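Participant: Dumping the structure here so I can ask a few things about it.
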Amino acid sequence: MGGGAATWGLAACARARCGPRARLESWRAVLTWLDWQRTLAERAISALEAELAAEAARRPPPPPPQWKLESLRTGSGPQRLFVHIGDCAMGRGKPISREEARRTLTEGIDPWPYCSPENLLGMTS
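Residues are numbered in my numbering as their position in the sequence shown, beginning at 1, plus a constant of 109.
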């Protein structure tokens, strides 16, 4: 049987039919050892979490999308509202490609008047 002296002590105590005081001391020794192991595990977890947080902080944020399609949820599915330039602060929506933005504008969806994506897409009249 592996383990430290406390584990061996419990097994020996069980074989020798020790009294309750000896068994209690053996169990207290096991509990102390488990507390120590828990402390080591918590330190290791904290160190790894700090390492992951530092790694995430070093990573640059993802670039904003080039274009966004703002839509409204309805009972019959999303209703497309406006096309925005990707870094438009007023635009909420899912990222779309340049081709999707051009196609959406040609399908009659309005460009957002404040960021004017049609200008960057070369679709002004």
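By construction, the Cβ of each residue, glycine as well, lies at the ideal position given by its N, Cα and C atoms.
The model shown is predicted, which means the values in this text are computed figures rather than measured ones.
Please report the straight-line C-alpha distance between R132 and R147, rounded to a whole angstrom.
Facilitator: If you take the alpha carbons of R132 and R147, they lie about 22 Å apart.
Participant: Is the beta carbon of T215 less than 8 Å from the beta carbon of R189?
Facilitator: no
Participant: Quick check for students: name the residue ranges of the alpha helix (DSSP H) that lie wholly in the region 164-222, counting only runs of 4 or more.
Facilitator: 207-215
Participant: For G202, which of W142, S180, D196 has the nearest alpha-carbon?
Facilitator: S180
Participant: Label M110 either buried or exposed according to how many other C-beta atoms from any shown protein chain fall within 10 Å of its C-beta, with 16 as the threshold for buried.
Facilitator: A caution first: M110 carries a pLDDT of 44, below 50, which makes its placement in the model too unreliable to give a value.
Participant: When you compare only the Cα positions, how much space is there between T141 and R126?
Facilitator: Going by the C-alpha atoms only, they are around 23 Å apart.
Participant: Taking the alpha-carbon positions, what's the S135 to L143 distance?
Facilitator: 12 Å
Participant: From P171 to A165, what distance separates their C-alpha atoms?
Facilitator: 12 Å
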